[in-house]
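J.: First, the structure itself, so that you have it in front of you.
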Amino acid sequence: MSRLKKAVGYVIRTQDYGETSKILKVLTREAGMISLIAKGARRPRSPFGAALEPLCLSEFVYYDRAGLKTLSQASLLRMHEELRRDYDRLTAALRCARFVHRLLEEDHVEERAFELFGELLGALSTEEDVRLYELAFPWKLLARLGVAPQWERCAVCGRDLSEASGRIGFSGEKGGLLCGGCRSASGSEGEGEVPLAPGTARGLAMLLKLPFPKLHRLRLSPADIRLGERLLREFVAHHLRPMPAGDRRSGEFVSHPRDELS
Ligand SMILES: [Zn+2]
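Counting from 1 along the sequence shown, just add 2 to a position and that's the residue number in the numbering used here.
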């Protein structure tokens, strides 16, 4: 028999199901990513109200079992209205939610991911530089899950690059920065290697080091942010599982939140 459980979580994704139901993916504090079926959620007088809207923080009571669980009750805790009033902020948050959906396995407790997503929504609600926060989130999430790229040392030979001068490189395939020697030995940009200045690398590394509340101190140029997005795409393409088949659009491997908004 399935047991009734309670969890607090962010609605990451919703999908219509059947005539009147919805299937939700929720990032919970207590149970990690879970799938819930909300029966009757699309009826005019749904008992769940706004609690099932994407990005809402809600409390869920559900019948627990492996895989799809049945939602019994849901109550809204936080709507993040500030975020919903601004198109750029909202789309940035939704793209990050898609990244969460892609990255996290279901039914694995991942409390740090829950906290990080809350910090992201807080920052996107108030801070000006939306694109900086949108870029920082996937890097931080990867780091918290222990799969971030190597930003301090050469990913091939291990040389300390924190004081490096001269051109270095980044390879998603090899797992991070490359020193001058390993760069030339491993080929060129044609093999997915991106050249970058040490100062830029140090700036991008700060995306990982600075917590969200201190990230406003970091000044990255629009060009550096675009480069950071590119490196993220390169890294994710090599290190993450592809989107589940049903989530892939026109067969592509979607690799970065900026590409992923449906
Ligand atoms: Zn090296």
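Virtual Cβ for every residue (Gly too), placed ideally from N, Cα, C. In this text, all values refer to a predicted model and were calculated from it rather than measured experimentally.
State whether the region 227-237 contacts the region 202-218, with contact taken as three or more CB pairs (one from each stretch) at a distance under 8 Å.
T.: Touching, per the Cβ criterion.
J.: Could you check what DSSP says for aspartate 131 in three-state terms: helix, strand or coil?
T.: Looking at aspartate 131 - three-state DSSP - the assignment turns out to be coil, as it is neither helix nor strand.
J.: With a Cβ-Cβ cutoff of 8 Å, do serine 173 and glutamate 195 count as a contact?
T.: Yes. Within cutoff.
J.: Following a CB-centred definition, is glycine 194 positioned closer than 7 Å to any heavy atom of ligand 1?
T.: No, Cβ of glycine 194 sits at least 7 Å from all heavy atoms of ligand 1.
J.: In this structure, what does DSSP give as the bridge partners for lysine 24?
T.: DSSP lists Asp18, Ala40 as partners of lysine 24.
J.: Which runs of the alpha helix (DSSP H), 4 residues or longer, sit entirely within the region 138-208?
T.: List check, alpha helix (DSSP H) in window: 182-187.
J.: To which residues of the same chain is serine 188 closer than 6 Å at the C-beta, ignoring the five residues directly before and after it?
T.: Only weak support exists for where serine 188 lies, its pLDDT of 47 falling under 50; the coordinates are left without a value.
J.: Secondary structure at arginine 67, three-state DSSP: helix, strand or coil?
T.: Residue state, collapsed to three classes: coil.
J.: Which residues does DSSP list as the beta-bridge partners of threonine 72?
T.: Ile39, Tyr65.
J.: Give a yes or no on contact between the region 20-40 and the region 81-97, applying the rule of three or more CB pairs nearer than 8 Å.
T.: Segments in contact, no.
J.: Short of 6 Å in beta carbon distance, which residues of its chain neighbour aspartate 162, apart from the five on each side in sequence? Order them along the chain.
T.: Within the same chain, aspartate 162 has close Cβ partners Arg155.
J.: Mind checking whether the beta-carbon of glycine 183 lies closer than 7 Å to any heavy atom of ligand 1?
T.: Under cutoff, so the answer is yes.
J.: Sort out for me which residues DSSP pairs lysine 8 with in a bridge.
T.: Bridge partners of lysine 8: Val63.
J.: Under 8 Å, with one C-beta from each stretch per pair, do the region 121-137 and the region 146-160 reach the 3-pair mark?
T.: Segments in contact, no.
J.: Decide if alanine 125 is buried, meaning its Cβ has at least 16 other Cβ atoms within 10 Å, or exposed.
T.: So alanine 125 counts as buried.
J.: So for arginine 80, helix, strand or coil by DSSP?
T.: Arginine 80 falls in the strand class under three-state DSSP.
J.: Quick check on valine 102: does DSSP put it in helix, strand or coil?
T.: Valine 102 falls in the helix class under three-state DSSP.
J.: Could you name the residues that DSSP lists as bridge partners for glutamate 108?
T.: Glutamate 108 is bridged to Met35.
J.: Report the option in Leu206, Leu26, Lys8, Arg219 whose CA atom is closest to the CA atom of glutamate 108.
T.: The residue with the shortest Cα to Cα distance from glutamate 108 is Leu26.
J.: Closer than 7 Å to a non-hydrogen atom of ligand 1 - does that hold for the CB of cysteine 159?
T.: Flag set: Cβ of cysteine 159 near ligand 1.
J.: Would the beta-carbon of leucine 242 be found less than 7 Å away from any heavy atom of ligand 1?
T.: Because no heavy atom of ligand 1 lies under 7 Å away, the Cβ of leucine 242 does not count as near it: no.
J.: I'd like to check one pair, glutamate 61 with valine 10: are the Cβ atoms closer than 8 Å?
T.: Cβ atoms of valine 10 and glutamate 61: closer than 8 Å.
J.: Here's a check: name, in chain order, each residue in its chain whose Cβ is nearer than 7 Å to the Cβ of histidine 241, leaving out the five neighbours to either side.
T.: So the list reads Val149, once near-sequence residues are dropped.
J.: Whole angstroms is fine: what's the gap from proline 270's alpha carbon to glycine 183's?
T.: Because the chain in this structure spans residues 3 to 264, residue 270 falls outside the shown range and cannot be described.
J.: By a C-beta neighbour count over all protein chains shown, 10 Å radius and 16 as the cutoff for buried, is glutamate 136 buried or exposed?
T.: The residue is buried, with at least 16 neighbouring Cβ atoms inside 10 Å.
J.: Check this for me: beta carbons of glycine 1 and valine 111, under 8 Å apart or not?
T.: Absent from the model: residue 1. The displayed extent of the chain is 3 to 264, so no value can be given.
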